[in-house]
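The following block contains the structure:
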């Protein structure tokens, strides 16, 4: 498995946060549209048996990674003023350039970085009988959007199997998603982006501690669970592409409970794989009534953490 660092430039506001599992679904549909359903089925062979062909991270401000899910005392002294600890919690991003430093030193570089802000857009539906808006279905409504600063870029980390998909193909699929739009209301212009650069990353030194940079389904058998730190997140997924029409089973998938991005895990020994987690779905554990073979990305790329002792 190899890892790519892809830099994207948002061109329009986004209606859906750039989550890794959502982007994975978009890339699967892009693969199907470009190469056919047989190519997608071949790529997904063994996906739920710890053989993913592609693992995608969330989108982060370029040059940064999210702060690990650790208490504030991991970076500041417990006796400090509560206001200082509150200020520290606002610093959600850590520089990518410092990832190989000892954990406490890296946490000391945390910054409050903002390249986007949440806005709202008013949408109207016109009643053709009255020629104006009204109440009920015709009432004006507010939709939440995430707008990016001009020139802002987003980093996405992708782990891929070069024997099953080439880096050039991954770049083309990302370009396809960027041209058609990511997430909600892509058909009305939201979620467009350009691929700025694609760089292959070198494998970092292994460590028993690591952070996942996308929502994931952990495998407790390989973990020393009392040393892990994570927060839950529930995914209420829905199909994309032509499957969004629902068919006989409806467009919605079954809810899935995952560990949120930034979770910190402790393996029994050094963790050497560039990803962690489990593939969800498939014929054996169905998560969709419309498409029984549907899978969900329960894997996540990992970032090793170099702690001096237990976290």
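Residue numbers (the working numbering): 77 to 387.
Backbone N, C-alpha and C define an ideal beta-carbon position, used for all residues, glycine too.
Given a threshold of 16 other Cβ atoms within 10 Å of its Cβ, counted over all protein chains shown, does residue i qualify as buried or as exposed?
i: residue 281; result: exposed
i: residue 307; result: exposed
i: residue 188; result: exposed
i: residue 164; result: buried
i: residue 82; result: buried
i: residue 272; result: exposed
i: residue 283; result: buried
i: residue 102; result: buried
i: residue 348; result: exposed
i: residue 192; result: buried
i: residue 379; result: buried
i: residue 117; result: exposed
i: residue 176; result: exposed
i: residue 100; result: buried
i: residue 311; result: buried
i: residue 250; result: buried
i: residue 84; result: buried
i: residue 381; result: buried
i: residue 342; result: buried
i: residue 290; result: buried
For residue i, which of helix, strand or coil comes out of DSSP?
i: residue 276; result: strand
i: residue 354; result: coil
i: residue 306; result: coil
i: residue 377; result: strand
i: residue 333; result: strand
i: residue 301; result: helix
i: residue 259; result: coil
i: residue 111; result: helix
i: residue 252; result: helix
i: residue 162; result: helix
i: residue 96; result: helix
i: residue 245; result: helix
i: residue 264; result: helix
i: residue 101; result: helix
i: residue 116; result: helix
i: residue 148; result: helix
i: residue 424; result: There is no way to answer for residue 424, as the model of the chain reaches only from 77 to 387.
i: residue 314; result: strand
i: residue 212; result: helix
i: residue 81; result: strand
i: residue 179; result: helix
i: residue 187; result: strand
i: residue 345; result: strand
i: residue 124; result: helix
i: residue 173; result: helix
i: residue 388; result: Nothing in the structure corresponds to residue 388, since the chain is present only between 77 and 387.
i: residue 142; result: strand
i: residue 196; result: strand
i: residue 296; result: helix
Using 8 Å for Cβ pairs, my map puts residue i next to residue j. What's the rounded Cβ distance?
i: residue 371; j: residue 123; result: 5 Å
i: residue 315; j: residue 331; result: Actually they are not in contact, since the Cβ atoms of residue 315 and residue 331 sit about 14 Å apart, beyond 8 Å.
i: residue 91; j: residue 260; result: 4 Å
i: residue 218; j: residue 198; result: 6 Å
i: residue 345; j: residue 329; result: Between residue 329 and residue 345 the Cβ distance is about 35 Å, and since that is not below 8 Å, they are no contact.
i: residue 340; j: residue 205; result: Wrong, their Cβ atoms sit about 58 Å apart, outside the cutoff.
Skipping 5 residues on each side, what residues in its chain have a beta carbon closer than 7 Å to that of residue i?
i: residue 262; result: 256
i: residue 172; result: 139, 140 and 141
i: residue 247; result: 271 and 274
Closer than 8 Å by C-beta to residue i: which residues in its own chain qualify, once you throw out the five before and the five after it? Chain order, please.
i: residue 265; result: 88 and 257
i: residue 121; result: 127
i: residue 129; result: 119, 120, 123, 236, 237, 240 and 241
i: residue 169; result: 136, 137, 140, 141, 142, 143, 186, 187, 188 and 189
i: residue 148; result: 161, 164 and 165
i: residue 195; result: 89, 220, 221, 222 and 223
i: residue 174; result: 181, 182 and 185
i: residue 351; result: 77, 128, 131, 235, 375, 376, 377 and 378
i: residue 98; result: 92, 258 and 259
Let me see if you follow: with CB-CB separation under 7 Å, is residue i close to chain D or not?
i: residue 284; result: No chain D appears in the structure shown, which is made up of a single protein chain.
By Cβ distance, which residues of its chain are closer than 6 Å to residue i, with the 5 residues on each side in sequence left out?
i: residue 252; result: 106
i: residue 228; result: 191
i: residue 383; result: 179 and 285
i: residue 79; result: 235, 277 and 350
i: residue 393; result: Residue numbering for the chain in the displayed model covers 77 to 387; residue 393 lies beyond these limits and cannot be assessed.
For this session: Indicate whether the contact test is met: 3 or more Cβ pairs, each with one atom in the stretch 340–359 and one in the stretch 201–217, closer than 8 Å.
Result: no
For this session: Determine, using beta-carbon pairs with one atom in the stretch 330–341 and one in the stretch 267–281, whether at least three such pairs fall under 8 Å.
Result: no
Exercise. Touch check for the stretch 223–243 and the stretch 120–135: three-plus C-beta pairs under 8 Å?
Worked result: yes
For this session: Evaluate contact between the stretch 359–368 and the stretch 294–303, counting only Cβ atoms and requiring at least three cross-stretch pairs below 8 Å.
Result: No, the stretch 359–368 does not touch the stretch 294–303.
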